[in-house]
Amino acid sequence: GAKVAITGRRKDELGRVVRDIERKGGKASALPGSVTNEQDVQDAVAATVRTFGRLDILVNNAGNLFHVGRLHETTDQIWDETFDVFMKGTFRFIRAAIPQMLQQGGGSILNISTVGGLKAILGFEAHAYQAAKAGVVMLTKTVAVHYAKQNIRCNCICPAGVVTPPVAAMLEDPQTKAWFEGTHPMGRLGQPEEIAEAAVYFASDESCWTTGSILTVDGGVMAA
1 GAKVAITGRR KDELGRVVRD IERKGGKASA LPGSVTNEQD VQDAVAATVR
51 TFGRLDILVN NAGNLFHVGR LHETTDQIWD ETFDVFMKGT FRFIRAAIPQ
101 MLQQGGGSIL NISTVGGLKA ILGFEAHAYQ AAKAGVVMLT KTVAVHYAKQ
151 NIRCNCICPA GVVTPPVAAM LEDPQTKAWF EGTHPMGRLG QPEEIAEAAV
201 YFASDESCWT TGSILTVDGG VMAA
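In structure tokens, the structure reads:
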């Protein structure tokens with residue numbers, strides 16, 4: 001039942017998602033912008049409040065294609081660009097949202113990290129990406145404990161491999177597909193809807209006594 005404001009760089013994709021929500025009877029607003037641009041972030045929060053009157057839920061799920069390669073061959077530019085999107089983008093939106101949440105008496109912040117932010121994965125050399133996502137995990141905890149008494153909850157979901165469009169393209173290679181699936185004890189990658197179900201829990205009042213939680217939705221990866 002939430003009214004949804006969506007921000008991102010791809011206007012066509014934003015429009016498609018808004019239309020899909022509206023077809024199903026929901027209300028949605030598209031706010032083009034980048035998490036790497038402070039003004040875009042501030043504008044997105046302000047526009048959401050103007051349109052819907054409140055900001056009850058913030059989901060930080062922005063990302064891009066990340067670099068995979070040897071650490072000693074990773075440039076400063078790659079490192080900085082990765083952190084700017086995955087770590088600093090999350091920080092920017094939390095910083096922008098908290099004043100509104102304080103004013104209205106609380107809210108729920110949900111960050112999307114990855115199991116790669118909790119453990120190293122042999123054969124998956126995404127050093128900058130994993131370091132940035134580990135930062136998101138700790139930021140979740142620091143925000144949770146320091147804003148708990150103001151009724152602002154902050155939680156984090158750490159998925160393993162999920163069949164998003166970029167991953168689906170990678171899975172067209174049989175060897176890559178076999179490797180990915182072999183790292184998951186359940187023998188398959190997750191679907192976006194399976195992550196969404198966990199997100200709904202954290203966004204809703206069903207999780208009203210849950211903050212600082214790091215939930216893995218991972219097909220058994222962290223248990224292996």
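Taking our numbering, the leading residue of the sequence shown gets 1, the next gets one more, and so forth.
Where is the CB? At the ideal position from N, CA and C, for every residue including glycine.
Residue i - DSSP class collapsed to helix/strand/coil
i: Ala28; result: strand
i: Ser207; result: helix
i: Ile307; result: The structure shown has nothing for residue 307, since the chain only spans 1 to 224.
i: Arg153; result: strand
i: Gly190; result: strand
i: Val85; result: helix
i: Thr216; result: strand
Whole-angstrom distance between residue j and residue i, CA atom to CA atom
i: Val41; j: Gly33; result: 7 Å
i: Gly161; j: Ser204; result: 25 Å
i: Thr7; j: Leu139; result: 21 Å
i: Val18; j: Ser29; result: 6 Å
i: Val4; j: Ala199; result: 14 Å
i: Glu193; j: Ala144; result: 26 Å
i: Thr57; j: Ser213; result: Note that residue 57 is Ile in the sequence shown, not Thr. C-alpha separation (whole angstroms): 16 Å.
i: Ala131; j: Gln103; result: 33 Å
i: Gly53; j: Gln39; result: 20 Å
Beta carbon proximity, residue i to chain C, threshold 8 Å
i: Gly8; result: Reference to chain C is not applicable here, since this structure consists of a single protein chain.
Assumed close pair residue i, residue j - CB separation to whole angstroms, cut-off 8 Å
i: Phe234; j: Thr82; result: The structure shown does not extend to residue 234, since the chain spans only 1 to 224, so no value can be given for it.
Paired residues, beta bridge with residue i - DSSP
i: Ala5; result: Ser29
i: Leu139; result: For Leu139, which the question treats as bridged, DSSP gives no partner whatsoever.
Cβ-heavy atom distance, residue i to the ligand SAM, below 7 Å
i: Trp209; result: Absence of the ligand SAM from the depicted structure is noted, as is the absence of any ligand whatsoever, leaving it without description.
Touch test, the region 120–134 against the region 164–172, Cβ-Cβ under 8 Å, three pairs minimum: no
Between the region 97–112 and the region 144–163, do at least 3 Cβ pairs fall closer than 8 Å? These segments touch.
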